[in-house]
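Participant:
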Amino acid sequence: MPVIQVHQLSKHFGALKAVNQLSFNVNEGEVFGFLGQNGSGKSTTIRMLLSLIHPTSGHIELFGKPLQSHRTQILEEIGAIIERPDLYPYLTAQEHLQLFAKLRSKKIGKEDIHNTLQKVGLLDRSKDKVQTFSLGMKQRLGIAIALVHNPSLIILDEPTNGLDPQGITDIRTLIQQLAKEEGKTVLVSSHLLSEIEQMATQIMIIHKGEKVAEGPIQKLLDPNKMIVHIKTTNDAHAVQVILSGSFSNYLMQRTDGIYLSIPTYEIPLLNQSLVNAGVGLIGLESRNALEDYFLQVTSNSN
Amino acid sequence: MKAIISIELYKIFRRPRTYIAFGAIAALIMVIQLGLKMDGQSYAGFLMKDINDTLTVDGKVLNGYLICYILLQLLLVHVPLLVALIAADMISGEANLGTLRLLFTTPYSRTQWVLGKFIAASIYTIVLLIWLAFLALFVSMWIFGTDDLFLMKSNYVVLIQEQDVLWRYVGAFVFASFSLLTVTSLGFLMSSLANNSIGPIVGTMSAIVFFTILSTLNIPLFSVIKPYLFTTHMNNWKEFFDIKVNENNEAVFGTILNMAKIKTSLIVLTLHIILFVTASVFITKRKDILS
Amino acid sequence: MKKTISYIGIIVAILFAQEVNAQVDPLIEKVSQKLALVNDYVAEGVMKTDVSFIKASLGKVKVYFKKPNLLKVKKEGGISLLPKGGVSVTINSLLNTKQYIALPAGTQSYEGKTLTVIKLVPTDEKLDWVISTLWIDPSDALVYKTFTTTKENGSYEITMEYGQYASYGLPSKIIFGFNTKDYKLPNGITLEFGDEDPISKQKALKNKKGKIEIKYTNYTINKGVSNSMF
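Residue numbers (this note's numbering), protein chains in the order written: chain A, 1 to 302; chain B, 1001 to 1291; chain C, 2001 to 2230.
(1) Can you tell me whether Ala15 (chain A) is buried or exposed, with buried defined as 16 or more other CB within 10 angstroms of its CB?
(2) On a CA-only basis, which of C:Ala2105, C:Thr2148, C:Gly2059, C:Trp2135 is nearest Leu2115 (chain C)? Give me that one, please.
(3) Quick check on DSSP: helix, strand or coil for Ala1194 (chain B)?
(4) Quick one, which residues of the segment 2046 to 2058 of chain C are near chain B if we go by CB-CB under 8 Å, in chain order?
(5) So, do the segment 2098 to 2118 of chain C and the segment 2069 to 2081 of chain C have three or more beta carbon pairs nearer to each other than 8 Å?
(6) Got a sec, what are the start and stop residues for the alpha helix (DSSP H) Pro216 (chain A) sits in?
(7) Can you give me, in chain order, the residues of the segment 1053 to 1066 of chain B that have a beta carbon less than 9 Å from any beta carbon in chain C?
(8) How would you call Ile311 (chain A), buried or exposed, if buried means at least 16 neighbouring beta carbons within 10 angstroms?
(9) Could you tell me how far apart the beta carbons of Val2031 (chain C) and Ala2105 (chain C) are, in whole angstroms, since I believe they sit closer than 8 Å?
(10) Can you tell me where the beta strand (DSSP E) with Leu2082 (chain C) in it begins and where it stops?
(11) Can you give me the C-alpha to C-alpha distance between Ile1283 (chain B) and Val1158 (chain B), rounded to a whole angstrom?
(12) For Glu1162 (chain B), which option in C:Lys2113, C:Lys2075, C:Tyr2162 has the closest C-alpha, if you only look at C-alpha atoms?
(13) Anything in chain C within Cβ reach of Glu1094 (chain B), meaning under 7 Å, just list it in chain order.
(14) Please confirm whether Asn1195 (chain B) has its beta-carbon closer than 7 Å to some beta-carbon of chain C.
(15) Using only CA atoms, which one of C:Tyr2216, C:Lys2055, C:Thr2150 lies nearest to Gly2045 (chain C)?
(16) I'd like to know whether the C-beta of Ile1243 (chain B) is nearer than 7 Å to at least one C-beta of chain C.
(17) Three Cβ pairs or more, each shorter than 8 Å: is that satisfied between the segment 1173 to 1188 of chain B and the segment 1100 to 1109 of chain B?
(18) Quick one: Cα of Ser286 (chain A) to Cα of Gln8 (chain A), how far?
(19) Asp128 (chain A) by DSSP, collapsed to three states: which one?
(20) What is the DSSP secondary structure of Ile1219 (chain B), reduced to helix, strand or coil?
(21) Can you list, in chain order, the residues of the segment 1119 to 1153 of chain B whose Cβ is nearer than 7 Å to any Cβ on chain C?
(22) Taking one C-beta from the segment 258 to 267 of chain A and one from the segment 1012 to 1024 of chain B each time, how about it: are there three or more such pairs within less than 8 Å?
(23) With DSSP run on the structure shown, which of helix, strand or coil describes Met1152 (chain B)?
(24) Ends of the alpha helix (DSSP H) at His1078 (chain B)?
(25) By DSSP, does Tyr90 (chain A) sit in helix, in strand, or in coil?
(26) On the criterion of 16 or more Cβ atoms from any shown chain inside 10 Å, does Trp1167 (chain B) qualify as buried, or is it exposed?
(27) Determine the extent of the alpha helix (DSSP H) in which Glu1162 (chain B) is found, giving its start and end residues.
(28) Could you say which of B:Tyr1065, B:Glu1247, B:Thr1232, B:Ile1051 lies nearest to Ala1207 (chain B) if we only look at CA atoms?
(29) Does DSSP put Ala277 (chain A) in a helix, a strand or coil?
(30) Could you list which residues in chain A have their beta carbon closer than 9 Å to that of Tyr1108 (chain B), in chain order?
(31) Is the number of C-beta pairs between the segment 2121 to 2129 of chain C and the segment 2036 to 2054 of chain C that are closer than 8 Å three or more?
(32) Would you call the CB atoms of Leu290 (chain A) and Leu221 (chain A) closer than 7 Å?
(33) Below 6 Å CB to CB, which residues in the same chain sit around Thr1212 (chain B) once its five sequence neighbours on both sides are set aside?
(34) Could one say the Cβ of Arg140 (chain A) lies closer than 7 Å to chain B's Cβ atoms, at least one of them?
(35) Could you tell me which chain B residues have their CB closer than 7 Å to the CB of Pro82 (chain A), listed as they occur along the chain?
(36) Kindly list the residues whose CB is nearer than 6 Å to the CB of Gln272 (chain A), restricted to its own chain and excluding five residues on each side of it in sequence; keep chain order.
Printed below as a string of structure tokens:
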């Protein structure tokens, strides 16, 4: 059963369609990577999942229940951080966890708070006021707040924002742990592919509020399906060569250049046949499908 | 809901800003008490100039009860501003800080949050009022002693017996709590409309100052709208200190001249509170949290 | 020159007064004798303040008196309002000084009694009253009414009723009547911004008469009163 079911979700701010007709499912135990540039509608979507923003239209179900009618029950099972780690500067890390623990119906003891702080590596700073924290430490505390009540669904919006490389690695490890060892469902958003591809099992890319790609990471990262971008001095000639040869099935219908979806082992052959046919080859870039999607989206927007 | 109230109170009382109000009230009261202790007689003399032409006033006019009355007159104009400092920040302050989204993703409805926060802000307001009562009444009673309350109003003088005063202060403070809760709820409403701290605080303060001026100006044009302004009613705690007289012009112990006026004001203030809080709930519920 | 004449006038008046006093008015003398029985007293009473712009309740008072003219009204643990300078024009104060000329002014009927009217003019310029009229019942040598004009505090009418202590010339009830001035404080000072009603619109209609009434319940006479009371 999908933990998150989103159907035809839209949010319009006046004329701006921040999210448009977005549908996707997140299954139990998945680490669902939610990719998109800044301003692509990720945060708006996540805020709608958390009922911070009222959708213009569409339907959200979490744990099989409609969000609108079962809001509090659903939120009991969710831990989330949304964008910046905004906290109370005059409270300590421990106080934050104590306060948010109170807001849960589950009994959360001192030990749970201690363990959560340990998990995010803030145990030694637990008695310090947040105003003395670095951005990275605040982000860790934000994650701790999301985890303290041991939710079954964790929604993390740009969790590695502002973290140093070590912090990024730590959070990544933590997310993987939560999914693998504790069986939690994680929805993690980012604008960086490199961050997501190492931890996600499932990926969705949105752009300008619409979904542009979705699938299991293995499929999107399949080495047998590389995307090759060919740059030549004479594109028409090159296309002719490709269409007349055995590569014709691989050619993609794209307007932004010559792209082929091709198994890795055939790339040298393609290169050779183009050279043999006298095509002035400037470059031949190969990348996996996910990277390509992401780059495509990025370049389109520029 | 209890959890919301308790964490909101925890946050309020962990904030340095909260204590500004307590400090400000203490400072104001102490300055006035000190001033009246040093030079109270000339102040009393000035007030009683007209009376002293005809009558000799014998006794401790400047006692704790009168000092408290003077303090309340001065402070109940300013305390609303201090209440606004916290109340008008309850929602917008969190929106500004970005913590509102943390709160609104907890398993509580927004209505619960708004009401919980309002109750917490109200508790703060009441605690502030108790602090004010303690300093203005009990500390004044301790410093200046007690005696009959000799009140000089614009058109007449009221002399209330010592034993007949304290319950009036209890009434006045209960009344004042309604006044201040009206300010709290107004601050709350402003707070639900904005995403920054300063706007609602300044907005609430401006509204209070503006309406207070309208309420106090004796201009016929404003007299028409006066009965509808909450600031007009906020001042009616003073009605507790006016006493009925019988046909022999004797003040009757334990009476209030115009109880109906007090009741009307309490009803008007309560309606304001309900209106402002309901509006805050409505606005907050519909709001998209974008901060 | 004028001054000299007026001085002479005063001296003559004083000499004349003493003579008149001694010879002409036995009634005043009788009243004085009666009053002389009392060296001091402490009286308990209930005071009522009836001034249009004052709302005060009845208050218990203690009145202390000591010869020749020390008088103090003390409200028990409270604030009392007394006519300014009024207490200095009580009968005892007027007569005990012995510094006056008494001029008979006929008789008048007052509450069913025929009272002898005597006017007193002070002979000592330091006294703060200018003239006083006494209405005296010759049968019991009790003063029922006085009307005194003071130098600085206007006129006072004092009426008295007698009871148990009539033999000492001490009233059971005394009413000070006096003129009041306007009372008005600016709103800005009182911070009263509401539409305050005057205490009683009818009373406010230029009722400038104030009354303070003391009803005595009990006198303790000649048991000694310390000077520190005054």
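All C-beta atoms in this analysis are idealised placements derived from N, C-alpha and C, irrespective of residue type, glycine included.
Predicted model only: the values in this text are computed from it and were never measured.
Facilitator: So, to answer that:
(1) exposed
(2) C:Trp2135
(3) coil
(4) Lys2048, Thr2049, Asp2050, Val2051, Ser2052, Phe2053, Ile2054, Lys2055, Ala2056, Ser2057, Leu2058
(5) no
(6) Where Pro216 (chain A) is concerned, there is no enclosing alpha helix (DSSP H), although the beta strand (DSSP E) it sits in stretches over 210 to 216.
(7) Asp1053, Thr1054, Leu1055, Thr1056, Val1057, Asp1058, Gly1059, Lys1060, Val1061, Asn1063
(8) The first residue shown for chain A is 1 and the last is 302, placing residue 311 (chain A) beyond what the model contains.
(9) 15 Å between Cβ atoms; not a contact.
(10) 2080 to 2083
(11) 47 Å
(12) C:Lys2075
(13) The premise fails here: Glu1094 (chain B) is roughly 36 Å from chain C at the closest Cβ pair, so nothing lies under 7 Å.
(14) no
(15) C:Tyr2216
(16) yes
(17) no
(18) 34 Å
(19) coil
(20) coil
(21) Asp1147, Asp1148, Phe1150, Met1152, Lys1153
(22) no
(23) strand
(24) 1064 to 1087
(25) coil
(26) exposed
(27) Note, Glu1162 (chain B): premise wrong, no alpha helix (DSSP H); not H, not E.
(28) B:Thr1232
(29) coil
(30) Thr72, Leu75, Leu103
(31) no
(32) yes
(33) Thr1231
(34) no
(35) Pro is not the amino acid found at residue 82 (chain A); the sequence shown has Ile there. Within 7 Å Cβ-Cβ: Arg1101.
(36) none
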